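Colleague:
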Amino acid sequence: MQRYFLAETVEDYHTTEIALTGEQYHHIVRVMRMKPGNQVYLVLPEQRAFKAEIKAIEQDAVILKWIEDEHTTTELPIHVTIASGLPKGDKLDYIVQKGTELGAACFLPFQATYSITKWDEKKAAKKLLRLKKIAQEAAEQSHRSVFPEITRVHSFKELLTISSSFDACLVAYEESAKTGETQNFVKTLNSLKPGSKLLIVFGPEGGLSNAEVASLFDSGMLPCALGPRILRTETAPLYALAAISYQFELNKNN
Numbered sequence: 599m600q601r602y603f604l605a606e607t608v609e610d611y612h613t614t615e616i617a618l619t620g621e622q623y624h625h626i627v628r629v630m631r632m633k634p635g636n637q638v639y640l641v642l643p644e645q646r647a648f649k650a651e652i653k654a655i656e657q658d659a660v661i662l663k664w665i666e667d668e669h670t671t672t673e674l675p676i677h678v679t680i681a682s683g684l685p686k687g688d689k690l691d692y693i694v695q696k697g698t699e700l701g702a703a704c705f706l707p708f709q710a711t712y713s714i715t716k717w718d719e720k721k722a723a724k725k726l727l728r729l730k731k732i733a734q735e736a737a738e739q740s741h742r743s744v745f746p747e748i749t750r751v752h753s754f755k756e757l758l759t760i761s762s763s764f765d766a767c768l769v770a771y772e773e774s775a776k777t778g779e780t781q782n783f784v785k786t787l788n789s790l791k792p793g794s795k796l797l798i799v800f801g802p803e804g805g806l807s808n809a810e811v812a813s814l815f816d817s818g819m820l821p822c823a824l825g826p827r828i829l830r831t832e833t834a835p836l837y838a839l840a841a842i843s844y845q846f847e848l849n850k851n852n
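Residue numbers for the sequence shown follow this note's numbering, so the first one is 599 and each next one is one higher.
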């Protein structure tokens with residue numbers, strides 16, 4: 599069943615008719631070819647979701663009415679921020695799309711020493727809008743009750759200063775994998791409780807420089823390996839999110 603996020607809250611959504619317009623109207627009518635009587639899920643800004651039925655399709659609006667509230671949750675129990683050194687091409691699009699499906703709460707791109715891509719500030723706003731649209735569409739597809747935050751591009755110095763706002767901070771470090779380090783990721787996940795905030799830093803294609811790694815460690819972040827293999831910059835965040843999902847959602851002994 600399709601899911602759509604509402605831009606504004608509806609105080610009495612149980613009795614108030616809700617009109618979807620613009621891109622949502624186009625998707626329902628032109629893409630999905632829905633008719634009156636079809637049902638969808640709607641999500642309010644406060645993350646409350648409910649099932650609604652199409653009552654009418656007007657010239658520029660789809661009119662829906664509440665049927666029942668959704669009582670299950672599809673959100674990860676912990677708040678995970680993925681900090682990615684700017685990768686080249688459309689890899690950041692991929693990280694945001696797939697990372698959203700896997701439950702990330704926030705994506706924080708940063709300019710790393712070995713980042714090939716350099717964001718033009720004049721085009722930054724347009725690129726962020728594109729990423730936010732990708733995140734929203736992925737959240738709708740994966741039936742989440744919130745779509746993740748996409749921050750502006752941070753400098754490396756700014757990345758260092760935000761660590762104090764998290765309960766735990768990790769750096770995916772390929773040298774840890776080479777030396778056989780296997781405990782920091784597991785130990786960190788075991789130490790976190792539902793509601794905790796976790797930051798994981800990933801380098802771009804060329805990795806993190808020695809100076810960057812030293813600065814991250816000096817700021818209190820822990821190095822961690824993600825298995826014995828060296829993962830691509832667009833693969834590593836997905837591996838981490840899948841492991842977190844297993845730890846907090848599938849591992850019944852947790």
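Cβ atoms here follow ideal geometry from the backbone N, Cα and C, with glycine treated the same way.
Values in this document were obtained by computation on a predicted structure and should not be read as measured data.
Hey, isoleucine 798 and alanine 770: beta-carbon distance below 9 angstroms or not?
Modeller: Residue mapping note: residue 798 aligns to position 200 of the sequence shown, counting from 1. Residue mapping note: residue 770 aligns to position 172 of the sequence shown, counting from 1. Their beta carbons are under 9 angstroms apart, which means isoleucine 798 touches alanine 770 by this criterion.
Colleague: Helix, strand or coil, according to DSSP, for tyrosine 602 in the structure here?
Modeller: Locating residue 602 in the sequence shown gives position 4, where the first residue counts as 1. Reduced to three states, the DSSP call for tyrosine 602 is strand.
Colleague: For the segment 679–759, list the beta strand (DSSP E) runs that are entirely contained and at least 3 residues long, ordered along the chain.
Modeller: 704–708
Colleague: What's the gap between the Cα of alanine 681 and the Cα of isoleucine 693?
Modeller: For the purposes of this step, residue 681 is taken as the residue at position 83 of the sequence shown. For the purposes of this step, residue 693 is taken as the residue at position 95 of the sequence shown. Whole-angstrom Cα-Cα distance: 11 angstroms.
Colleague: Have a look at Ala812, Pro821 and Gly805 and flag the residue whose alpha-carbon is nearest the alpha-carbon of threonine 711.
Modeller: For the purposes of this step, residue 711 is taken as the residue at position 113 of the sequence shown. Considering only alpha carbons, the answer is Gly805.
Colleague: If you run the structure through DSSP and keep just helix, strand and coil, what is leucine 618?
Modeller: Within the sequence shown, the letter at position 20 stands for residue 618. Residue state, collapsed to three classes: strand.
Colleague: Determine, using beta carbons only, whether proline 802 and lysine 686 come nearer to each other than 9 angstroms.
Modeller: In the sequence shown, the residue the question calls residue 802 occupies position 204. In the sequence shown, the residue the question calls residue 686 occupies position 88. Yes, they are a contact pair.
Colleague: Taking just the CA atoms, how far does valine 660 sit from threonine 715?
Modeller: The residue you call residue 715 lines up with position 117 of the sequence shown. The residue you call residue 660 lines up with position 62 of the sequence shown. Going from the Cα of threonine 715 to the Cα of valine 660 covers about 41 angstroms.
Colleague: Using the DSSP secondary-structure output, state which residues sit across from alanine 766 in a beta bridge.
Modeller: Sequence index remark: in the sequence shown, residue 766 carries index 168 (1-based). Answer is Leu796.
Colleague: Measuring CB to CB, does glutamine 645 end up less than 9 angstroms from glutamate 621?
Modeller: As a first step, residue 645 is located in the sequence shown; it is residue number 47 there, counting from the start. As a first step, residue 621 is located in the sequence shown; it is residue number 23 there, counting from the start. No. Outside cutoff.
Colleague: For lysine 649, I'd like the list of residues in its chain whose CB is within less than 7 angstroms of its CB, leaving aside the five on either flank, ordered along the chain.
Modeller: What you label residue 649 is simply residue 51 of the sequence shown in a count that begins at 1. Hits under 7 angstroms: Gln637, Tyr639, Ile665, Glu666 and Glu668.
Colleague: Please classify isoleucine 702 as buried or exposed, where buried requires at least 16 other C-beta atoms within 10 Å of its C-beta.
Modeller: Taking the sequence shown and counting its residues from 1, the one referred to as residue 702 is at position 104. The sequence given here places alanine at residue 702; isoleucine does not occur at that position. The residue is buried, with at least 16 neighbouring Cβ atoms inside 10 Å.
Colleague: Exposed or buried, which one is proline 707 when buried takes at least 16 other CB atoms within 10 Å?
Modeller: Taking the first residue of the sequence shown as position 1, residue 707 is located at position 109. It counts as buried.
Colleague: Kindly indicate the opening and closing residues of the alpha helix (DSSP H) around glutamate 810.
Modeller: Position 212 of the sequence shown, counting from 1, holds the residue named residue 810. Its alpha helix (DSSP H) spans residues 808–816.
Colleague: Just to confirm the assignment, what range does the alpha helix (DSSP H) spanning isoleucine 842 have?
Modeller: In the sequence shown, counting from the first residue as 1, residue 842 sits at position 244. Residues 834–843.
Colleague: Which residue's Cα is closest to the Cα of leucine 839: Pro821, Leu662 and Phe705?
Modeller: On the sequence shown, position 241 is the one that residue 839 refers to. Answer by Cα proximity: Phe705.
Colleague: Select from Gly683, Ser713, Met632 and Val744 the residue whose C-alpha is nearest the C-alpha of alanine 605.
Modeller: Here residue 605 refers to the residue found at position 7 of the sequence shown. Among Gly683, Ser713, Met632 and Val744, the Cα nearest to that of alanine 605 belongs to Val744.
Colleague: Taking 8 angstroms as the limit between beta carbons, can you name the residues of its chain near serine 813, skipping five residues before and five after?
Modeller: Start at 1 with the first residue of the sequence shown, and residue 813 comes out as number 215. Closer than 8 angstroms at the Cβ level, and outside the excluded window around serine 813, lie Phe754 and Leu758.
Colleague: Quick check: the Cα distance between histidine 625 and serine 713, rounded to an integer number of angstroms?
Modeller: Along the sequence shown, one-based indexing puts residue 625 at 27. Along the sequence shown, one-based indexing puts residue 713 at 115. Each residue's alpha carbon lies about 36 angstroms from the other.
Colleague: Any chance you could list the beta strand (DSSP E) runs of at least 3 consecutive residues sitting entirely within the segment 619–651, in chain order?
Modeller: Whole beta strand (DSSP E) segments, 3+ residues: 637–641.
Colleague: Give the DSSP-derived three-state secondary structure of leucine 829 in the structure shown.
Modeller: The residue labelled residue 829 in the question sits at position 231 within the sequence shown. DSSP places leucine 829 in coil when its eight states are reduced to three.
Colleague: Identify, in the order they occur along the chain, each residue of the same chain with its Cβ nearer than 6 angstroms to the Cβ of glutamate 699, setting aside the five sequence neighbours on each side.
Modeller: Translated into the one-based positions of the sequence shown, residue 699 becomes position 101. The residues are Ala736 and Ser740.
Colleague: Considering only residues of the same chain and omitting the five flanking positions on each side of aspartate 730, which have a CB-CB separation below 7 angstroms?
Modeller: Taking the first residue of the sequence shown as 1, we reach residue 730 at position 132. As written in the sequence, residue 730 is lysine, which differs from the aspartate given in the question. Cβ-Cβ distances below 7 angstroms link lysine 730 to Ile748 in the same chain, with the five nearest sequence neighbours on each side left out; the list follows chain order.
Colleague: DSSP state of glutamate 666, grouped into three classes?
Modeller: Residue mapping note: residue 666 aligns to position 68 of the sequence shown, counting from 1. In the structure shown, glutamate 666 falls within a strand segment according to DSSP collapsed to helix, strand and coil.
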